[in-house]
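*Asks:* The number in our numbering is simply the position in the sequence shown, starting from 1, with 1 added.
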Amino acid sequence: MPQLPPEILDHIFHILRLSSHISTLRRCLKVSPLFCFLAERHLYYNLTLGFSLASNNGSHPTELAPRHALDLLTDTPHIAPYVRSLHIRLPLFRTTASSWPPSWAILQFDPPVALVERASAVASECIAAVLPRLTKLEYVILRWDEEGRLNERKKPWDMLDTGFVEAFAHMLAVRGEGLKGVEVSNAHCFPLEVLSCAGGLERVRLEGWFTFGGGRVQPSGGGHLDFSNLQFKNLRSLTLGNCFSSFPDTLAWLAAPSALTSTTRVPSLSSRSQPRLVLPQLTHLSAMLWTVEHYTHLSAILSACRESLEDLILDVGASVNLLYYYDAYANDDPPLLGLPESSGSLATQLGLAPHAYPTLTSTSASPSLSLEACLVFALGTLPALRHLTLRGDIRLDESFWSKSDEDNWEEFFYWAPFAWVQKVLDGVRVHSTNADSRPAASGLGSGSYSDSASLQSALEHLTLEIDLPRPDSRTSHALSKIQWSHLTSALASFCSDRSCSSTSFEPTSSSRHVELLLSAERRTNNANHNANTTGNRRDNYLNVTRLESVINALQDDAHLREFVEQDVVRIGVVGTDGERPSTSTTKNPRRPVRGPQLPLEIIDHILLALRLSSNIPSLHTCLEVSHTFRALAERHVYYHLALSSVPTSRKNHPNPKGIRTPSAKSRTTTSRLAVGYVRDLIASRPHVAAHVRSLRICLAASFRPSKAEDLDERVGLLAGVAAVLPLLPRLKHIILHGEEEGRRVRVVRWRKQINVFKGAFLDVLAARGLGKELKSVWIHGVEGFPLGVLGCVGGLEKVRLEECCTFRGEPGDDVPVEGSRSRAESHLQVQQLRSLTLRHCTSSFQTITAWLAASSTANPALHATPSATPLPSLSLPHLTFLDATLRESADYTSVSSILAASRFALEELVLDPADTVNVEYDSTEDPEIDVHATLVVENIGKEDAEEVVYSVPFDWMRKVLDGIHSTSGGSGARAATMTASSSESLERLTIDITVPRSASAFALASLCAAVTSLGRVEILLRLEKDSDVGIVRAKRTGNGNSDRSLEAVAMALLDDACLSEFVERDVVRVVIRGGSEWEDW
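Here's what the structure looks like:
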């Protein structure tokens, strides 16, 4: 399993931060320097500073005492730029000392009021010192503490410590455009002028009591406040919580930029000016509406963001509820609609009370809301609105909700916002279809519309959150008796209308979706949900269970049943802590799952790691998890595809699909599928073909079959492969190799393959090559393959030719006409080639070099027999990797020309002379060696160590290494090979040595003294036959399964006098490896 890259670790830490696993992030700091570097950015991303005496990592997981935070930033200043969000909890102001200390405390110190004031002053000084250090702040939260006793009240802003107030205002001025968000919650007399310096705000949240323009705030140097930077052109999100009577001041603050005078740069706040709001980028708006004035002011804000608003949240609580009366004798009749709380209630002013109700006079029943507030009930005129959220409460008369006597008579009362919801939804439906029904222009802003089409609403999603009384033995029965028809009929009408973005005209289809969320006294529990997390989890589960009757009643409602079955309406339960689970239409909702889900990017990275680690079974298992997992896993399951023409009688298929699961020793990460299964799979799921990026084709060995059935099957399989090839439109990598025999590949003949397959293969090269989409080709063990057909590939970056005795420069007569035409019309230039591997290509080097030269000059005429044509000049300006096996003198000549062509780009060079350059040593004679090769002999078997004869390539290696420092040594082709690789930037040397398994004794000479300038030397030892062995990395202990002979050789190298110094400095490492060389392309 490969190590997770830092990007994935960073994503995981990001998830831990979002899910508040702060303790886990703290533990990650101690894992490693990399973990510490990545985790610190998330651990200190959110910082909370509290004034209270008990604020020391209390209920808030990231809360620090101000003194502790100041010491932390002083000792580790590099943490300061990590802080992007700052949360400041302001103190409580005690009017009396009667409640302090508690009865169990002994008062042996100063009076508690003086103690609190002194602690508050110290905390203010520390926070004032912390604020200038946070130079990367993007979001600031200022919250008055809610956790106090009844005889305590919040401390007003103008009574806070002067040092803190000035430091806070200075921080806003310094951050300026860099500050993206501000939240002021539970405020008490907070002057909005303080925020005048923050000119780049994108998110604003206000809740509490605010003032603006009252002359309370004056700069320290006198004069007027600078409003020149105050602007809301970038404001995208605005949340107005419970602002009580501060709505007019908030509205004046929002309108201040348009009211600035040219001389004083101070907003004109006179009643005659009435500046117009300008909020061109506002896409999210949330507001609580408790009075009729709130509706009027909110209408002005809606008019200012009419063209941009996409998400609107309206929270009315219980302010618009109407009384519903339930009588057991009413049978199926809906409950009677009763009076509002009073004739002057908000419901009456909004016109929600029924005019026909006998107790309401015509005066009290008529709405008193002006036309300016009508936009709240005309949301259909907002063309960009996509998501609407409505929040309301349902209350029961718990003191008297039922009564029973001898006649089994029962009744109860409940208050619900059904009429308000219906009026809001009617405004969406009516005003989106009828242009004549819209309110007057004076109430809707200055914008006008010419036709009804422009008023058509794009609203697609409605979320309705209803807070219910906590279900218990008294209320559960009452909740089951609520008549939901007033609400469900409005929702059904909303779902029946199509959005303007809908393209479906079927009568039963709906482009709108409704999410109905129920909660149990969430508002009263939300403030203290951190105090008892375990209890809240238990309450969430109980609420889901007890609200099951309500959910069933809604799902079985005659108005909603059809939409529930179509998955247009979804019903769920919100936890007591505000947690929103995924909604479901099932009868038995599942228990909510805490924490955010993993992003798709992280899931995709994990699946990528499974693919790279050859864990194909796990990927196949992921296909059955969910639709999301299937969509992501399919891209990795079918990224590599292996097809074979080997008859089934000569290989094993473990299952009917022909899927062969690679083992840990497998040389490939592909999943081999039967050809017939692949054709059926692509026919049933065509998109799978687009996931295939790498194709490996195994050709059966060209020998006389023992049975005629084998020959017919081989021909049929090849024809099947030929039929699959044109179906893969996005291939990037192709591997063509002979039949596997253990860990070796048997050589097959290209001319023995059927023409149908050869034509399909060459046509794929032509089709993918013309678009420069094919990036790599690997030909392994295919004798007589015509290199000229690779002229069809225009964007080739990686070529690997291996174990092919001969190649042909021209395609010949067996190349189909289509492939020849495509090749002739191509413009191949191997100048884009970045990687070239030539292994065991006996007698083919000159052919390969001639092909490269012809391709580099884009002249097909040069694809001739190399013996008849002089060697043209090569041009490989982007070749960075070269791997070549050198067996004959002609091989050195060809490799020298390639090295010369890539002299200035080559970064990695692999040369393998096999055993052709070995020099025989006899231990009975004194070897002629220099100081660079100190001989070490280790006796392993029973043979006499004094009579050991062995051959090693040390002289050749030493000569190549000498060529790194000197370009004058040697002559002829070999000298050219050694000197052409001269490079002053060489940083790493790898010596890969294959050791015969039959060797009973072995000796190596030290080579490190010749390359003292290198930063890393790695000596790889492998057995001649495949074997899983351990790894020795400059240590004396190896894996328990290590081969004893290799382990002894490694120990001899590590103990060598010439190497000991470099081993201690970790410059030299000795690694024992297995014999597999199959790489993942």
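Yeah, the Cβ is synthetic: ideal placement off N, Cα and C, and Gly gets one too.
Since this is a predicted model, take the numbers as computed values, not measurements.
Report the start-end ranges of each beta strand (DSSP E) in the stretch 672-753 that is 3 residues or longer and not cut off at the edges.
*Replies:* 695-699, 734-738
*Asks:* Say whether the stretch 124-135 touches the stretch 184-202, bearing in mind that this needs 3 or more beta-carbon pairs closer than 8 Å, one atom from each stretch.
*Replies:* no
*Asks:* Considering only residues of the same chain and omitting the five flanking positions on each side of I314, which have a CB-CB separation below 6 Å?
*Replies:* S287, T390
*Asks:* Answer with buried or exposed for F495, where buried requires no fewer than 16 other C-beta atoms within 10 angstroms of its C-beta.
*Replies:* buried
*Asks:* Between Q556, N616, R387, S86, which lies nearest to S512 when the distance is taken from Cα to Cα?
*Replies:* R387
*Asks:* Check each candidate in K799, W957, E803, V896 and name the one with the smallest Cα separation from E879.
*Replies:* The sequence given here places His at residue 879; Glu does not occur at that position. Nearest option by C-alpha distance: K799.
*Asks:* Reducing DSSP to helix, strand and coil, say where W291 ends up.
*Replies:* Per DSSP, reduced to three states, the secondary structure at W291 is coil, with no helix or strand assignment.
*Asks:* Quick one: using the 10 Å Cβ neighbour count with 16 as the cut-off for buried, is A854 buried or exposed?
*Replies:* buried
*Asks:* Count the C-beta pairs between the stretch 832-839 and the stretch 882-891 that are closer than 8 Å, then say yes if the count reaches three, no if not.
*Replies:* yes
*Asks:* Determine contact between the stretch 728-748 and the stretch 693-703, defined as no fewer than three beta-carbon pairs at a distance below 8 Å.
*Replies:* yes
*Asks:* Locate the alpha helix (DSSP H) running through P618, then write down its first and last residues.
*Replies:* 617-623
*Asks:* Over the uninterrupted beta strand (DSSP E) stretch that includes Y140, give me the two end residues.
*Replies:* 140-145
*Asks:* Give the secondary structure of G182 by DSSP, where H, G and I count as helix, E and B as strand, and everything else as coil.
*Replies:* Residue state, collapsed to three classes: strand.
*Asks:* Do you know offhand how far K914's Cα is from A643's?
*Replies:* The question names Lys, yet the displayed sequence has Pro at residue 914. Using only the alpha carbons, I get a separation of about 32 Å.
*Asks:* Taking the beta strand (DSSP E) that D162 falls in, what are its first and last residues?
*Replies:* Judged by DSSP secondary structure, D162 falls outside any beta strand (DSSP E); it is assigned neither H nor E.
*Asks:* Use the C-beta contact count for V32: other C-beta atoms within 10 angstroms, 16 or more gives buried, fewer gives exposed.
*Replies:* exposed
*Asks:* Would you call the CB atoms of E118 and G179 closer than 8 Å?
*Replies:* No, these two residues do not count as a Cβ contact at 8 Å.
*Asks:* Name the two residues that bound the continuous alpha helix (DSSP H) containing S481.
*Replies:* 476-481
*Asks:* How many Å lie between E1062 and L1054 at the Cα?
*Replies:* 12 Å
*Asks:* Please determine, among G164, L492, I604, the residue with the shortest C-alpha to C-alpha distance to F630.
*Replies:* Nearest of G164, L492, I604 to F630, Cα basis: I604.
*Asks:* Taking contact to mean at least 3 C-beta pairs separated by less than 8 Å, is the stretch 65-78 in contact with the stretch 36-51?
*Replies:* Segment contact: the stretch 65-78 against the stretch 36-51, three or more CB-CB distances shorter than 8 Å; contact assigned.
*Asks:* How big is the Cα-Cα spacing for S20 and Y296?
*Replies:* 36 Å
*Asks:* Can you find the residues in the same chain that come closer than 7 Å, C-beta to C-beta, to L488, ignoring five residues on each side of it along the sequence?
*Replies:* If you ignore the 5 residues before and after L488, its C-beta comes within less than 7 Å of the C-beta of F419, V422, all in its own chain and listed in chain order.
*Asks:* Please determine, among M289, A256, P618, L324, the residue with the shortest C-alpha to C-alpha distance to G318.
*Replies:* M289
*Asks:* Just mark A906 as buried or exposed, buried being the case when its beta carbon has 16 or more other beta carbons within 10 Å.
*Replies:* exposed
*Asks:* Which whole-angstrom value describes the C-beta separation of I467 and Y415, a residue pair presumed to lie in contact below a C-beta threshold of 8 Å?
*Replies:* Contact doesn't hold; Cβ gap of about 12 Å is too wide.
*Asks:* Within 10 angstroms of the Cβ of R27, are there 16 or more other Cβ atoms? Answer buried if so, exposed if not.
*Replies:* Exposed, because fewer than 16 other Cβ atoms sit within 10 Å of the Cβ of R27.
*Asks:* Starting from R636, trace the beta strand (DSSP E) both ways and give me its first and last residue.
*Replies:* Secondary structure note for R636: it is in no beta strand (DSSP E), and the uninterrupted alpha helix (DSSP H) holding it is 628-638.
*Asks:* Can you look up L35 in the DSSP assignment and give me helix, strand or coil?
*Replies:* helix
*Asks:* Put H189 into one of helix, strand or coil per three-state DSSP.
*Replies:* strand
*Asks:* On a Cα-Cα basis, can you pick out the residue from L737, I572, L376 that is closest to L791?
*Replies:* L737
*Asks:* Leaving out the 5 sequence neighbours to the left and right, which residues in its chain are closer than 6 Å to C842 when beta-carbon positions are compared?
*Replies:* L802, C805
*Asks:* Compute the Euclidean distance between the alpha carbons of E516 and H285, then round it to the nearest angstrom.
*Replies:* 18 Å
*Asks:* Under 8 Å, do A253 and G214 count as touching if we go by C-beta distance?
*Replies:* For the 8 Å CB-CB criterion, A253 and G214 form a contact.
*Asks:* Suppose you measure from the CA of G177 to the CA of Q232; what does that come to, to the nearest Å?
*Replies:* 11 Å
*Asks:* Using the three-state DSSP reduction, which class does G796 fall into: helix, strand or coil?
*Replies:* Reduced to three states, the DSSP call for G796 is coil.
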